[in-house]
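Under our numbering, think of the first position of the sequence shown as 25, with each following residue one higher. Every residue, glycine too, gets a C-beta built ideally from N, C-alpha and C. Predicted model, so just to flag it, every value in this text is computed and none were measured. Take a look at the structure below.
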Amino acid sequence: MWTLESRRRYDRSKLRYPSDMTDDEWALIKPLIPPAKRGGNKRTVDVREVVNGVMFILSTGCQWASLPKDLPPRSSTNDYFCRWDYDGTLGRIHHTLYLRCREQAGREASPTAAIIDSQSVKSAEKGGSRTHPGTMQGRRSRVKSATSSLIRTAC
C-alpha cells in the first residue's frame, strides 16, 4: 500500500537516472561485489557507477554503445558485467535480493510448494505432443550447441 513513508522510500526523482541505486540499495549489494584482484593495478573505476551502468542497460534495454557518457565507459561496464556473470556474482546478488523481497512480503525465505499443471508440462517438452498429422516430432541434437558457445565467447 502506498503511504507517505513508502512513497518517500521509493522516490527516485532525486536520482540522476531512475535505474541508479539509492544508498540503501547500494548497502545491500556492496558486500556481494568481489574485491579487486591482488597484485594488479589499483581499481580506477567506481564499482557503484559500474553497477549503475549495468542497471541502466538492463532497465532501458539500450545497446552498450548508447550508455550515457556520465557513466563508466561501456567497455569497462561490459567487462565487469561479463566477469560477474562468469564468476556467479550476478546470481548471488539476485538470490540475496530475492530472499530479501520474500522476507519483506512476510513469506518464508524459500518457497515450500510449487504448482505444475498439465499445460506447463506439455509446453516444457521439446517438440510437444503431435497435434497435426503432417508435423514431425522434434529431435534432440547430439552436437554441442554453437549458440551457447558463441554467447560465452562474447563475454
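For Y122, the uninterrupted alpha helix (DSSP H) segment begins and ends at 113 to 128. Listed in chain order, the non-local C-beta contacts of M79 below 6 angstroms within the same chain comprise S43, local neighbours out to five positions each way being set aside. Rounded to the nearest whole angstrom, the C-alpha separation of Y41 and S142 is 43 angstroms. In the three-state reduction of the DSSP assignment, Y104 falls in the helix class.
V74 places its beta carbon 8 angstroms or farther from that of I53. In the structure shown, the three-state DSSP call for V69 is coil.
In this chain, D141 is not harboured by any alpha helix (DSSP H), its DSSP state being neither H nor E. The C-alpha of A51 is placed about 16 angstroms away from the C-alpha of H119. By the criterion of at least three beta-carbon pairs nearer than 8 angstroms, the segment 100 to 115 is in contact with the segment 77 to 91.
DSSP places S43 outside any alpha helix (DSSP H), giving it a letter other than H or E. Taking 8 angstroms as the cut-off, the Cβ atoms of R116 and L56 count as close. At the C-beta level, P96 and G77 come within 8 angstroms of one another.
Taking each of Y34, A60, I139 in turn and checking the Cα distance to E49, the smallest one comes out for Y34.
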